[in-house]
Amino acid sequence: MNDQMTETQRQALISAIRMLPDQLEALVRDLSSEQLTTAYIPGEWTVAQNVHHLADSHMNAYIRTKLILSEEHPTLKPYDQDRWAEYPDASVADLATSLGILRGLHQRWTQLFAQLTAADWQRTGLHPEIGAVSVADILQSYANHGQAHLDQITKTLSVQ
């Protein structure tokens, strides 16, 4: 699917990943501890859980990107994101650490993406739950993932 991605499309996705930390921080910076840790929508994560999840998820995706680039079709380890979101570090209202992780991680990730060759974009790994995943797939998936969580946080805040 992503072998048809144009350079313009790729640059737009890289830009989306680059901008996510600033967009996220702008969305959550003035929220109270209550707003960050209250589950306003049954069955949905709190704002804090969404932010901490983004750090967890994007760290995993960055590592997957590096594994695909450095190994021949590596197996990519899945993880239980819902269990991770239940741990105490994913529930705290202090978002500074996760926002810092995202800021540094996205800077590194976009620097890496900017230097890849056409062959690098096509390299793949094997995700046991979804099959072959290319570096281009990761770019598209995680640009969309960041936007989906910005949308989820906005939706959560709209019902408080």
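So the number in this note's numbering is just where the residue sits in the sequence shown, counting from 1, plus 2. A virtual CB, placed ideally from N, CA and C, is assigned to each residue, including glycine. Computed from a predicted model, the values in this text were never measured in an experiment.
- In the displayed model, residue 147 falls within a helix according to three-state DSSP.
- Of the residues 52, 6, 12, the one whose Cα lies closest to the Cα of residue 157 is 52.
- Looking at the backbone, the Cα of residue 38 and that of residue 93 are separated by about 9 angstroms.
- In the structure shown, residue 136 falls within a strand segment according to DSSP collapsed to helix, strand and coil.
- Contiguous alpha helix (DSSP H) elements confined to the region 49-90 occur at 49-72, 83-88, taking only those with 4 or more residues.
- Of all alpha-carbon atoms in 71, 95, 41, the one lying nearest the alpha-carbon of residue 154 is that of 41.
- In the DSSP annotation of this structure, residue 126 is not part of any alpha helix (DSSP H); the continuous beta strand (DSSP E) holding it starts and ends at 126-129.
- For residue 35, the uninterrupted alpha helix (DSSP H) run begins and ends at 35-39, by DSSP.
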